[in-house]
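Q: Below are the structure tokens for one structure; questions will follow.
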Amino acid sequence: MKIAMIGTGYVGLVTGACLAEVGNEVLCLDIDARKIDLLASGGVPIYEPGLEDLLKRNVAEGRLSFTADIEASVAFGEIQFIAVGTPPDEDGSADLRHVVEAARNIGRHMRGFKLVVDKSTVPVGTAERVRNVIREELCSRGVDIEYSVASNPEFLKEGAALADFMRPDRIVIGSDDEKADQLLRRLYAPFLRNHDRIVSMDIRSAELTKYAANAMLATRVSFMNELALLSEKLGADIECVRRGIGSDKRIGYHFLYAGCGYGGSCFPKDIRALRVMAREGGIALRILDAVEKANETQKNILAAKVRRRFGDNLSGLSFALWGLAFKPNTDDMREAPSRSIMESLLRHGATVSAFDPAATAEALRLYGERPGVSFASDPMDAIKDADALLIVTEWKAFQCPNFQAMKSLMKQPVIFDGRNLYEPSIPREQGFEYFPIGRP
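So the sequence shown is numbered by numbering that gives the first Met the number 0: it starts at 0 and just counts up by one.
So this is what it looks like as structure tokens:
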């Protein structure tokens, strides 16, 4: 099948590469000519394990290409995926300017049938808006061309996106006509050889499903973080509590880890957008109000522990951060807890030396030559002469460190563990003061 992928961000690149991998011809469109030049030369603008090799292989084999030519993109694909960004507007709602413009371009240039698929995370009712915009453009041209609009939300985890796409646990298809449904079923057939994972529904339900999924996962995270704070007060161990409740099959173990808060491009943005949708509909989503508030509190927990240990005036003290990305296996620092923690430490007079296996380039873009901030080339370099280490992201490289070597490099043997990577007895036996989240 011939597919046009509008947008070469995280969703567009992963989706386009994976669809090309199973034999489809995919043309990725982006209006950013520099990004297209980078991709055409073999570069990758984002970090995702395995993506660079997948892109190179499919480009070399002629199934994947890139363009900034809108008209050529519309002409190329019978299926037009809209995978552009929907950043939060000032009120928290999703900004649909790029989605609407993509739909308008399709209407301006289409010459035959097109299936237009919303892949971006968009508010309920967006498919109707896309359909109307295309109709307006066709009417202005004085032509009557058949087209369909469907919703096919993505459920990709950053750091495991290729595996999520190639071996999905579900594929949600929202459509209101048989032709669209059958085209998408044909497209996804190679991913369903083991058993059918397609969940078909109406378009509005599909649009809401993506928001509901992220909201549920964020709720679990914030719930466990609040239980962790209670555990500290009561002298309980949140890890024991996690295992105790996770063993209940109705609950399960996923997304039950306490830590220093969630971040990234999805949970914060989608929860705000869902709250706006509810507010506009006259519904109060009080649980999600609490989820967001609890997460903002949790992002400051580690810095608060630092001040309880060292005092409010951190002038003259140096702190090492292990982890800048909001989660492992990505370079995404959007709304990452590390940013809140660094800002708090700097505001109280401290200096920070940070290391991340993938996000250093992004951190340099964000912080530049800001006084008091430096970025190390490896974890041990970051902790040299540090008064304490703060663990913010649970990269595997941090899970089995040489504590004695660390102790010899640090000014003071103190660890604040925002991801509960270690059994508390282990660093303490090595002579460290150890401050986890929700553990004795």
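Glycine included, every Cβ here is placed at the ideal spot set by N, Cα and C.
Roughly how many whole angstroms lie between the Cα atoms of P435 and S424?
A: P435 and S424: Cα-Cα distance of roughly 11 Å.
Q: Opposite K1 in the DSSP bridges: which residues?
A: BP columns for K1 point to E24.
Q: Let me know if D269 comes out buried or exposed under the rule of 16 or more other beta-carbons within 10 Å of its beta-carbon.
A: By the neighbour-count rule (16 or more Cβ atoms within 10 Å), D269 is buried.
Q: I want to know whether the stretch 254 to 263 touches the stretch 405 to 422 - three or more CB-CB distances under 8 Å.
A: Segments in contact, yes.
Q: Taking the runs of the alpha helix (DSSP H) that are 4 residues or longer, which of them lie wholly in the stretch 54 to 102?
A: Correct list: 69 to 75.
Q: Apart from the five residues just before and just after D117, which ones in its own chain have a Cβ nearer than 8 Å to its Cβ?
A: Closer than 8 Å at Cβ, skipping near neighbours: I81, V98, T125, A126, V129, V148, A149, S150, N151, P152 and E206.
Q: Please work out which residues of its chain come closer than 8 Å, Cβ to Cβ, to D384, disregarding the five sequence neighbours upstream and downstream, and give them in chain order.
A: Only S317, L408, M409 and K410 meet the Cβ criterion.
Q: Output the distance between the C-alpha atoms of D236 and N312, rounded to the nearest integer angstrom.
A: The straight-line gap from Cα to Cα measures roughly 30 Å.
Q: For G371, I'd like the list of residues in its chain whose CB is within less than 8 Å of its CB, leaving aside the five on either flank, ordered along the chain.
A: Cβ neighbours of G371 beyond the five flanking positions: L345, A349, T350 and V351.
Q: Within this structure, are the beta carbons of F75 and L38 separated by less than 9 Å?
A: No, the Cβ-Cβ distance between F75 and L38 is not below 9 Å.
Q: Leaving out five residues on either side along the sequence, give the residues of the same chain with a beta carbon under 7 Å from the beta carbon of E225.
A: Correct list, in chain order: A293.
Q: Quick one: give me the first and last residue of the beta strand (DSSP E) that D416 is part of.
A: Per DSSP, D416 belongs to the beta strand (DSSP E) from V413 to D416.
Q: Let's test the definition: count the other Cβ atoms within 10 Å of the Cβ of L182 and tell me whether it reaches 16, buried, or not, exposed.
A: By the 10 Å Cβ count, L182 comes out buried.
Q: What are the start and end residues of the alpha helix (DSSP H) that includes V240?
A: Where V240 is concerned, the enclosing alpha helix (DSSP H) stretches over I237 to G245.
Q: Would you mind giving the Cβ-Cβ distance between S199 and G437, rounded to the nearest angstrom? I have them listed as a contact below 8 Å.
A: So it is not a contact: roughly 41 Å between Cβ atoms.
Q: Going straight from the alpha carbon of T85 to that of G8, what length do you get?
A: The alpha-carbon atoms of T85 and G8 are separated by roughly 11 Å.
Q: What residues in its chain sit with their C-beta under 6 Å from that of G49, if we drop five residues either side in the sequence?
A: Correct list, in chain order: L161.
Q: D440 to I69, Cα distance in whole Å?
A: Within the shown structure, residues of the chain are numbered from 0 to 439, placing residue 440 beyond reach of any answer.
Q: So, are the CB atoms of D175 and D143 less than 9 Å apart?
A: No, Cβ-Cβ distance for D175 and D143 is not below 9 Å.
Q: Could you tell me the boundaries of the beta strand (DSSP E) in which I390 lies?
A: I390 -> beta strand (DSSP E) spans A387 to I390.
Q: So for E368, helix, strand or coil by DSSP?
A: Coil.
Q: Just list the residues that DSSP pairs I250 with in beta bridges.
A: None, per the DSSP bridge assignment.
Q: Considering Cα atoms alone, identify which of N104, L155, V123 and P122 is closest to I133.
A: Of the candidates N104, L155, V123 and P122, the one whose C-alpha sits nearest the C-alpha of I133 is N104.
Q: Would you decide whether C399 is buried or exposed? Buried here means 16 or more other CB atoms lie within 10 Å of its CB.
A: By the 10 Å Cβ count, C399 comes out exposed.
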